[in-house]
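S.K.: Quick note: the sequence shown uses this note's numbering, first residue 1, plus one each step. Before I ask anything, let me first share the structure, which is written out below as structure tokens.
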Amino acid sequence: MNNYKVREMISEEKVVERIKEIAEQINKDFEGESVTLICILKGSIFFTTELAKYIKVPVVIDFMQCASYGADTKSSGIVKLTKDLDEPIMGKHVILIEDIIDSGRTLSHLVKLLSQREPASLTLCTLLDKPDRRVVEVDVKYTGFEIPDEFVVGYGLDYAQKHRNLPFIGVVEFDS
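Rendered as structure tokens:
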């Protein structure tokens with residue numbers, strides 16, 4: 001493994017503040033309804049649980065897991081579903097929660113899959129968006145932060161399963 005360091009990009013305070021703002025918007029958009037949050041494991045777990053704390057409408061949380069990175073820093077382009085939902089979503093308001101959107105392949109794949117299950121609505125929410133890396137367009141309603149094309153960790157995001165527990169978003173800087 002290369003030598004590297006992690007530089008803070010977005011502070012814990014800014015992350016939490018933005019998550020509260022997204023929750024407020026969800027509360028307005030789904031007032032009088034209940035929502036099902038689908039957390040995409042493993043990276044979205046920190047974001048999903050923090051977001052759920054501030055959502056005032058009734059919330060159900062379910063989980064899916066996809067693989068497309070392995071131990072690399074770039075997506076392989078192949079999306080494999082490794083854990084499906086435990087509960088049906090037909091007729092429910094679903095918010096698909098992602099930690100980061102870069103190529104858009106994973107979310108595009110999941111939107112097609114979940115749409116076939118006939119939810120009442122399907123909305124996309126991401127903590128981080130890297131539009132410079134987009135290969136497949138996806139319609140994201142709730143975005144935490146738009147970031148440049150840098151490899152980031154923390155707040156659930158990892159590098160080879162490390163650094164998920166950092167309370168901030170950091171950039172991995174490899175030694176030359």
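Cβ coordinates follow ideal geometry from the N, Cα and C atoms, glycine included. Source: prediction; values computed, not measured.
Put residue 15 into one of helix, strand or coil per three-state DSSP.
M.R.: Here residue 15 corresponds to residue number 15 of the sequence shown, with the count starting at 1. Reduced to three states, the DSSP call for residue 15 is helix.
S.K.: Measuring only the C-alpha atoms, how far is residue 95 from residue 12?
M.R.: Numbered from its first residue, the sequence shown carries residue 95 at position 95. Numbered from its first residue, the sequence shown carries residue 12 at position 12. Each residue's alpha carbon lies about 23 Å from the other.
S.K.: Which residue comes first and which comes last in the beta strand (DSSP E) that contains residue 142?
M.R.: The residue you call residue 142 lines up with position 142 of the sequence shown. First-last of the beta strand (DSSP E) with residue 142: 142-146.
S.K.: Could you tell me the distance, in whole angstroms, from the CA atom of residue 58 to the CA atom of residue 91?
M.R.: In the sequence shown, counting from the first residue as 1, residue 58 sits at position 58. In the sequence shown, counting from the first residue as 1, residue 91 sits at position 91. When rounded, the distance between both Cα atoms is 15 Å.
S.K.: For residue 100, report the span of its beta strand (DSSP E) as first-last.
M.R.: Start at 1 with the first residue of the sequence shown, and residue 100 comes out as number 100. Taken as a continuous stretch (DSSP letters only), the beta strand (DSSP E) holding residue 100 covers 93-101.
S.K.: For the structure I just gave you, are there three or more beta carbon pairs, one from the segment 159-168 and one from the segment 11-29, closer than 8 Å?
M.R.: They touch, by the three-pair rule.
S.K.: Locate the beta strand (DSSP E) running through residue 45, then write down its first and last residues.
M.R.: Counted from its first residue, the sequence shown places residue 45 at position 45. No beta strand (DSSP E) holds residue 45; the alpha helix (DSSP H) holding it covers 45-54.
S.K.: Counting only the same chain and skipping the five closest in sequence on each side, list residues whose C-beta sits under 6 Å from that of residue 134.
M.R.: Residue mapping note: residue 134 aligns to position 134 of the sequence shown, counting from 1. Hits under 6 Å: 104.
S.K.: Rounded to whole angstroms, what is the Cα-Cα separation between residue 163 and residue 8?
M.R.: Counting from 1 along the sequence shown, the entry for residue 163 is found at position 163. Counting from 1 along the sequence shown, the entry for residue 8 is found at position 8. Taking the straight line from one Cα to the other gives about 12 Å.
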